[in-house]
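Chains as they are written, first to last, in numbering that gives the first Met the number 0: chain E, 0 to 152; chain V, 0 to 860.
We put the CB at the ideal spot given by N, CA and C, even for glycine.
All values derive from a computational prediction rather than experimental measurement.
One structure is given below, encoded as structure tokens.
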Amino acid sequence: MDELLDKSRPGQYVVFAINKQLCALSIEEVMEIIRIQPITDVPEVNDYIAGVINLRGNIIPVVNLRKRYGMEAVSFQKKTRIIIVNDKTGDIGLIVDEVAMVTYVEEENLEPPLDVFNSIEKECFNGFVKREGQLIGILNLKNVLYPAISKEV
Amino acid sequence: MDMDMSLYLGAFLDEVDEQIQVLEEEVLNLEQDGENLDTIQRIFRSAHTLKGSSAAMGFDKMKELTHKVENVFDLIRNQQLKVNTEIINLIFESIDAIKQLKEAILNGTLEEADVSDLTGRLEQVKTNADESETKSKPAQETAKSSSEDVIYPDVKFDQYQEEIVKKAFDMNMNVVAVYVSINEKAMLKSVRAFLIHNNLKEIGEIVASYPEAEVIENEEAFTGNLVYLVVTESKNQDVFKAIQGISDIQAIHLTDVTKDNLNSFLEGKKLEVTGRKKMEETNQTPVRAEAKVKVQQTVRVDVDRLENLLNLVGELVIGQTRLADIKSRFESRYPNDADVENFQEATNNLRQIVSELQEGMMKTRMLPIEQLFNRFPRMVRDISQKANKDIEFILEGKETELDRNLIEEIADPIIHLLRNSLDHGIESPEEREQIGKPRKGTVRLKAAHEENHIVISISDDGRGIDAEKIKQSAVKKNMITEEEAERISPKDAVFLIFKSGVSTAKAITDISGRGVGMDIVRSHIEKLNGMIDIETEVGQGTTFIIKLPLTLAIIRSLLVQMGEKQFAVPLANVQEIIRLDKDEIQTIQNKEVGVVRGRVLPLIRLHRRLKASEDTLLQKKRLFVVVIGLAEKRVGIVIDKPLGNREIVIKPLGQYIGMPKYIAGATIMGDGSVALILDAGAIVYEEGTAEPSGHGAIEKMVKKQSEQTIQLATFKLGNEEYGLPVDQVKDIITVPELTPAMNSPFSIIGMMNLRGNIMPVMDLRRRLHLAEGKLTRKSRVIVTETAETPIGLLVDQVVQVMKVNKETTEKAATHENKPDDRYIQSVCNLGERLVILLHLSSLFNIEELTESALLQQVKEK
């Protein structure tokens with residue numbers, strides 16, 4: 000499954016924004032999208048892990064994508080959402096600034112990852128979607144959740 | 000006809016389990032008590048049963064093996080063979096092989112199993128014996144099978160059955176007495192009886208069955224002869240056909256019950272069944288058919304399903320707590336609203352149901368610990384033999400129930416501790432004799448419930464753990480410095496065995512002694528939210544005490560506030576909550592300590608680590624401290640305030656987050672938010688290691704402090720503040736119901752019952768001749784402890800418990816003419832307030848009390 004998702008394929012994508020950068024996740028990876036809710040932070044874990052939330056009785060870890068990319072953290076807004084994705088360890092939430100849309104991406108709009116990107120971007124993106132003149136990065140979920148090089152950065 | 004093989008297989012496997020149990024127990028008995036005919040008989044019978052049923056099921060290897068075992072015991076029974084250790088060991092090996100065969104049957108790997116070696120050796124035993132004794136007797140079991148007559152149990156209707164039969168007559172139904180005889184040599188007779196029962200039930204109603212269900216279930220007592228009374232619409236041939244197909248049935252005989260012969264059934268007379276002999280007198284009460292089959296009363300449920308239900312109940316508990324939160328908010332907002340009261344009632348009712356449901360669910364997962372304990376006698380025997388020890392192994396509290404998951408989880412630690420006790424706890428018989436102990440060492444494994452916990456203890460009367468040796472070993476392994484070793488208390492030293500690598504065993508055996516393991520035992524138990532403690536005395540023995548929660552999923556915990564956050568501390572670890580003045584906290588070696596009742600308590604602040612704000616803490620003058628403990632170790636966690644006890648459902652943080660230090664998991668609070676559970680065990684263990692007890696400077700400090708200060712419980716009568724030394728105060732309680740006492744002094748207003756102790760209550764206002772006061776919500780009874788009986792003192796309000804410097808107290812000036820001054824010991828000047836210290840014994844002066852009573856009586860007249 001992981002290998003399958005490493006390569007971007009046409010299909011439905013959830014498009015969301017982090018610090019104005021548009022990113023996308025295949026809808027197959029997304030379990031649900033919920034509003035931001037109280038997060039209990041857990042001490043002594045990676046700082047991009049914001050903490051845990053209660054999702055209908057289950058404790059779910061939440062990753063702050065801004066912090067994951069070393070961007071400046073902002074306070075949560077009305078539009079802030081948590082995208083629940085499924086990982087081999089269970090459900091995990093990703094905090095994003097807003098969810099823009101769910102859209103179908105055609106084969107011809109897909110672009111492979113570009114070499115010019117810096118390492119953190121290369122690590123995180125599987126490819127890109129060209130859409131109305133914008134580039135939407137398709138996230139490599141595995142690398143987002145398990146940063147291999149984050150310690151060096 | 001439908002023949003359900005799995006029913007057979009299940010029954011067969013159960014039987015194998017049962018018989019293996021019997022075999023192990025009896026063989027152990029045999030080894031201990033020598034050749035006891037009863038024991039041998041039981042073993043023989045058990046092997047025989049196994050042989051028969053495995054043959055019936057077609058498991059030839061097991062049949063073969065059990066047959067050989069049976070042969071050996073046949074020889075022993077006929078005294079052609081003497082029991083010796085070699086034979087016992089061989090038998091145990093065979094029992095193990097039977098177990099393996101059973102597993103193989105379960106796993107479908109029976110083909111691979113090989114028992115030829117064992118059967119060969121068993122055969123060897125037999126041939127050896129045969130050679131020495133020329134003839135061998137045939138097995139006894141054939142002796143009785145010659146009798147042709149079948150003895151059916153007595154039939155006697157009770158009133159209920161009689162009515163049913165009469166009703167059936169009215170409805171023109173067929174009433175038949177079905178006599179069935181199962182082949183005497185057939186195995187699993189009970190199973191066949193159930194089959195008959197089921198088949199009969201399909202064609203009609205079984206009104207009665209004989210003998211009783213218990214007899215049928217008991218393979219040994221059950222003769223295989225059955226009588227059913229069936230009411231049916233079918234013809235007799237159909238009834239006959241229904242049971243005919245079942246294998247191993249020797250005879251079926253049907254007798255119509257009619258109005259004419261009904262009386263003979265009622266009177267319990269024997270019906271004339273051709274060629275049947277009269278049965279010897281048996282005591283039996285007819286049972287109704289429904290009550291018969293015990294097996295049907297239990298349902299096997301997938302554990303996952305139960306787990307899921309338990310989780311849901313956990314959610315329900317959370318939801319319930321949330322509702323209770325809302326309820327109390329409504330209560331305070333609308334104190335006199337009728338609907339709020341209804342709501343209150345509804346939530347209370349719900350709470351009741353939820354807690355019963357929770358308890359009920361919990362019980363479904365509870366199993367007696369017997370399951371686990373029964374494995375040990377055999378293990379103990381094997382180990383003690385290997386280690387050349389003579390050991391009496393005592394099991395207690397087998398019936399104690401606990402969560403099935405826990406039973407599995409706790410097995411390894413217990414095994415480890417048992418091995419320890421056996422291997423280097425108990426001395427060799429020679430050594431024991433030399434030091435005047437009985438040759439036989441005693442190891443006791445005990446389980447018991449204690450409040451919401453289960454306590455498992457493993458004790459031996461062996462050599463005990465020598466703290467000095469542990470210290471040396473730990474120093475040698477560079478785990479502690481020599482300096483530390485000198486300071487460490489014996490108890491703490493003993494606890495060093497829980498560190499990896501420390502061992503006092505002189506020799507490493509394959510049983511234990513490598514010094515690994517105890518640390519694993521400890522971490523294992525702590526993982527289960529349990530605690531382990533050691534009590535040991537050199538030369539006397541060692542007891543390991545394991546304390547576990549009854550269940551893994553739901554625990555009681557103390558909720559605490561730290562900054563803006565809430566945390567849960569497992570209540571099992573909480574010793575007490577105390578308040579410390581900030582200026583009572585001292586800093587020693589960069590560590591904060593408080594002094595509680597003369598003991599040094601290391602304090603830790605977790606706020607920063609837990610990312611909680613310290614603002615509220617900084618504003619406070621007196622700090623709340625939760626004292627958590629693990630065995631002798633204590634650590635105080637500084638908190639903002641305690642929030643009360645709560646049942647919480649432990650939820651893991653998940654693999655993604657892992658196991659942050661000091662966090663045991665998370666739980667969902669009443670308002671839906673997530674609170675973290677502190678890992679009290681780890682905190683005490685980590686922070687408690689540096690416990691600076693025994694440090695000269697601190698001891699001096701403690702001593703100085705206790706010399707200079709006294710601790711007072713202060714209370715109010717009107718506007719005056721009074722005090723009593725804390726050591727004279729046993730309890731402070733709200734005013735209970737008082738029973739008037741006859742003919743008592745004026746100031747004694749009645750008797751109260753405090754946890755079973757009856758004691759007088761004195762109105763202190765009356766005693767001190769102050770104006771009468773009123774009972775209010777703040778009124779309290781202070782239970783004092785003087786030399787003889789405890790007495791309760793009624794006061795207006797309790798203020799606080801505080802430490803005062805002795806220098807602030809002044810002796811009260813005594814005036815002969817003011818009698819009340821006698822009760823005043825001294826006055827404590829605290830600047831803005833004065834506290835009057837009372838003199839208890841003069842308050843309780845009997846003569847004076849009676850005198851004042853008389854005075855009062857005179858006054859009243």
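Could you tell me how far apart the beta carbons of Gly593/V and Leu579/V are, in whole angstroms, since I believe they sit closer than 8 Å? 5 Å
Next on the checklist: Is there a C-beta anywhere in chain E that falls below 8 Å from the one on Gly562/V?
Outcome noted: no
**Prompt:** What does a CB cutoff of less than 7 Å around Pro9/E pick up in its chain, not counting 5 residues either side in sequence?
**Reply:** Val104, Glu105, Glu106 and Leu109
Alpha-carbon spacing of His452/V relative to Leu549/V, whole angstroms: 5 Å
Chain-ordered residues of the stretch 630 to 658 of chain V with a beta carbon less than 8 Å from chain E: Taking 8 Å as the Cβ-Cβ cut-off against chain E, the residues of the stretch 630 to 658 of chain V that qualify are Lys650, Pro651, Leu652, Gly653, Gln654, Tyr655, Ile656 and Gly657.
Quiz item: Considering Asp169/V, what are the terminal residues of the alpha helix (DSSP H) in which it resides?
Solution: Gln158 to Asp169
Here's the rule I'm using: 16 or more other beta-carbon atoms within 10 Å means buried, otherwise exposed. How should Lys50/V be labelled? By the neighbour-count criterion, in which 16 or more other beta carbons inside 10 Å mark a residue as buried, Lys50/V falls on the buried side.
Just the chain E side, please: which residues come within less than 7 Å of Asn673/V by C-beta, in chain order? First, the residue type needs correcting, since residue 673/V is Val and not Asn in the sequence shown. Those are Thr39, Val51, Ile52, Asn53 and Ile58, listed as they occur along chain E.
Original post:
Anyone know if the C-beta pair for Gln710/V and Lys810/V falls short of 8 Å?
Top reply: no
| query | Given a threshold of 16 other Cβ atoms within 10 Å of its Cβ, counted over all protein chains shown, does Glu25/V qualify as buried or as exposed? | reply | buried
Through-space distance from Gly671/V to Ala770/V, alpha-carbon basis:
52 Å
Notebook entry, point to check: Near Ser52/V, what residues of its chain come up, given a Cβ to Cβ distance below 7 Å and the 5 sequence neighbours on each side ignored?
Noted result: Excluding sequence neighbours, Ser52/V sits near Phe11, Glu14, Met186 and Leu187.
Could you run through the stretch 181 to 197 of chain V and flag, in chain order, every residue whose CB is less than 8 Å away from some CB of chain E? none
* Reduced DSSP category for Thr586/V - H, G, I as helix; E, B as strand; rest coil -> strand
Looking at chain E, is there any beta carbon in it that lies within less than 8 Å of the beta carbon of Gly693/V? Note that Gly693/V scores a pLDDT of 47, beneath 50, so its modelled location is shaky; the value from the coordinates is reported in the next line. Cβ-Cβ to chain E under 8 Å: no for Gly693/V.
Exercise. Using the DSSP secondary-structure output, state which residues sit across from Phe72/V in a beta bridge.
Key: In the DSSP output, where bridge partners are listed per residue, Phe72/V has none listed.
Checklist entry - Between which two residues does the beta strand (DSSP E) containing Asn63/E stretch? => result First-last of the beta strand (DSSP E) with Asn63/E: Asn57 to Asn63.
- Query: Buried or exposed: which applies to Lys470/V, given that a residue is buried once 16 or more other Cβ atoms fall within 10 Å of its Cβ?
  - Reply: buried
For Ser7/E, name the three-state secondary structure that DSSP assigns. coil
Open item on the list: Using CA atoms only, rank isn't needed, just tell me which of Ala192/V, Val298/V and Leu199/V is closest to Ile248/V.
Closed with: Ala192/V
Can you name the start and end residues of the alpha helix (DSSP H) that Leu194/V belongs to? For Leu194/V, the enclosing alpha helix (DSSP H) has its first and last residue at Lys188 to Ile202.
### Secondary structure of Pro759/V, DSSP reduced to three states
strand
Q.
In the DSSP output, what is Ser825/V paired with across the bridge?
A. Lys810/V and Leu836/V
Note to self: For chain V, check one thing: does any of its Cβ atoms lie closer than 8 Å to the Cβ of Thr88/E?
What the structure shows: yes
Practice problem: Mind reading off the beta-carbon distance from Ala250/V to Leu199/V? Whole number of angstroms is fine, and I expect it under 8 Å. | Solution: Not really, about 16 Å apart at Cβ, beyond 8 Å.
Review point. According to DSSP, is Glu85/V helix, strand or coil?
Key: helix
Exposure of Arg462/V, with buried meaning 16 or more beta-carbon neighbours within 10 Å
buried
Helix, strand or coil: which one does DSSP assign to Ala665/V? strand
- Task: State the Cα-Cα distance for the pair Ile748/V and Pro759/V, rounded to the nearest angstrom.
- Result: 8 Å
CA nearest to the CA of Arg65/E, picked from Val51/E, Gln133/E and Tyr47/E | Minimum Cα-Cα distance from Arg65/E among the listed residues Val51/E, Gln133/E and Tyr47/E corresponds to Tyr47/E.
Own chain residues within Cβ distance below 8 Å of Phe221/V, not counting five before or after
Lys188, Ser189, Ala192, Pro210, Val214 and Ile215
Shortest alpha-carbon distance to Asn844/V belongs to which of Pro744/V, Arg321/V and Val230/V?
-> The shortest C-alpha separation from Asn844/V is found at Pro744/V.
Within 8 Å, strictly: CB atoms of Ile554/V and Gly529/V: For Ile554/V and Gly529/V, no; Cβs fall outside 8 Å.
Got a sec: is the Cβ-Cβ distance from Ile662/V to anything in chain E below 8 Å? yes
> Does the Cβ of Tyr12/E have 16 or more other Cβ atoms within 10 Å, making it buried, or fewer, making it exposed?
Replying inline: buried
For Gln351/V, three-class secondary structure by DSSP
helix
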